[in-house]
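Numbering (the UniProt record's numbering), first residue to last: 1 to 500.
The beta carbon of each residue, even a glycine, is placed where N, CA and C say it ideally should be.
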């Protein structure tokens, strides 16, 4: 019984205290003027209609159940009076986003310091910095002037989107487009209109339209001609398209419904939460795009000769299967061409190694233009190779002769002198079905040795029969030499002993 009485008294005290002063904290996303009904749009207290402390209905609550019923009825009544109250605390959300944006800006600037020539990270860092500063100014509504918090703050935040667009353009080495500046321009073009500037709901609609424009620009910057080769890039473009549709749909829904200011705050809060989630996904997918780009670059470096810029031996051999498949589909033969620069050691000894590098670079740049559908690379030293398809032996020989003749024709200049340079070529052919990379390379190597033996600066071609033939046995190292027998050695030792 004592517990029930104590509980009843606590209920009466709680009911009276709640009825004396009830408040619900409102949170609004953007801005209101100081002369509006609610002075602070972020942490304003709305005082509800309450009963007086000496209300007889409160004095009648002398037992536990009556007190509880009084409290319940009080909240039910004031819940109806509090319809339209904003449920999203935008100030907290903006504070969280500002801290995240500043952190991401710091990370982007640190990445930019490692590669100053790449402006992508710099623009992304500026985007996060501008976004953080802009939304911080919006969150300070009531603490700073209206023009700083409303017009300038949102414009700076939208400039962050423009910086992100420029960053994605720089990622593909594309020039800055004029439409990258559309987000802040859309905002500034509309916010100074009287029917927009004086109405909170219209400002929210305008901001969503500007944000949708920025998301569309991001999607345009991401979805370039190379996006089909990068899986993460297509997903990133889809994220920005969804964000654009979300912001545009929110603006259109608000324009049709005509919500109150509190309901507009809820619209803005919901859109901000969804946008934040999409931006988080966009950041993750952007990291994947960068990883894919880095892996592609490293793979290219591992398959490319650093001096001449053509494929190295590993990259060249990796293209053979594709050439063989192409030859099979088009009913053509597989041709392997080996090139060796004549007297290259003399060039290095006479003109220097830098001049030799120039000769290698000139030949590689010229020769790969003749095999665009095939594969051309450097095997090592002064030796190059090409994999191509040919209809017959005549076409393969014509290709080799074109490269040889063109290299003899063009002058190789080091600035101080003209270097006379020629090349010998060996060619081997095989049908697409019977083509074997190692056998064809070996046959082309034998043809190249034959060209060297024929006086250099010429082309020797081996057809299918010669290419399929096994290589000749290596010559005996003792061929043509007198090898002393055991008796000869004993006789020589006896003569040495007699002489001593």
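Residue environment, residue i, which counts as buried when at least 16 other CB atoms sit within 10 Å
i           : result
residue 398 : exposed
residue 295 : exposed
residue 106 : exposed
residue 358 : buried
residue 455 : exposed
residue 147 : exposed
residue 380 : exposed
residue 96  : exposed
residue 117 : exposed
residue 208 : buried
residue 91  : buried
residue 446 : buried
residue 126 : buried
residue 314 : exposed
residue 113 : exposed
residue 375 : buried
residue 254 : buried
residue 265 : buried
residue 369 : exposed
residue 410 : exposed
residue 276 : exposed
residue 405 : exposed
residue 192 : exposed
residue 459 : buried
residue 250 : buried
residue 305 : buried
residue 103 : exposed
As assigned by DSSP and simplified to three states, the class of residue i
i           : result
residue 293 : helix
residue 390 : strand
residue 306 : coil
residue 370 : coil
residue 434 : coil
residue 442 : helix
residue 427 : strand
residue 460 : strand
residue 231 : helix
residue 143 : coil
residue 377 : strand
residue 116 : coil
residue 334 : strand
residue 419 : strand
residue 38  : Residue placement at residue 38 cannot be trusted, given a pLDDT of 34 that sits under 50; the coordinates are not used to answer.
residue 342 : coil
residue 176 : coil
residue 207 : helix
residue 188 : helix
residue 454 : coil
residue 311 : strand
residue 21  : Only weak support is given to the placement of residue 21: the predicted model assigns it a pLDDT of 37, under 50, and the question is left unresolved by the model.
residue 383 : strand
Cβ pair residue i, residue j closer than 9 Å
i           : j           : result
residue 439 : residue 340 : no
residue 206 : residue 246 : no
residue 378 : residue 281 : no
residue 311 : residue 301 : no
residue 351 : residue 422 : no
residue 444 : residue 426 : yes
residue 244 : residue 215 : yes
residue 347 : residue 403 : no
residue 407 : residue 450 : no
residue 168 : residue 120 : yes
residue 128 : residue 101 : yes
residue 428 : residue 461 : yes
residue 273 : residue 142 : no
residue 383 : residue 337 : no
Cβ-heavy atom distance, residue i to the ligand MN, below 8 Å
i           : result
residue 343 : Ligands in the displayed structure: none, and consequently the ligand MN is not present.
8 Å contact criterion, which residue i and residue j should meet: CB distance rounded
i           : j           : result
residue 183 : residue 161 : 5 Å
residue 392 : residue 324 : Actually they are not in contact, since the Cβ atoms of residue 392 and residue 324 sit about 17 Å apart, beyond 8 Å.
residue 123 : residue 186 : Incorrect: roughly 20 Å between the Cβ atoms, too far for contact.
residue 268 : residue 240 : Not a contact, Cβ separation roughly 20 Å.
residue 362 : residue 412 : 5 Å
- Message: For the segment 380 to 388 against the segment 309 to 323, do three or more pairs of beta-carbon atoms, one drawn from each stretch, fall closer than 8 Å, so that the two count as touching?
- Response: yes
- Message: Contact between the segment 154 to 166 and the segment 126 to 139 is defined here as three or more beta-carbon pairs at a separation below 8 Å; is this criterion met?
- Response: yes
message = Is it the case that the segment 421 to 439 contacts the segment 324 to 333, given that we only count it when at least three CB pairs across the two stretches are under 8 Å?
response = yes
Give a yes or no on contact between the segment 256 to 264 and the segment 288 to 304, applying the rule of three or more CB pairs nearer than 8 Å.
no
Is there contact here, the segment 170 to 184 with the segment 196 to 203, by at least three beta-carbon pairs under 8 Å?
no
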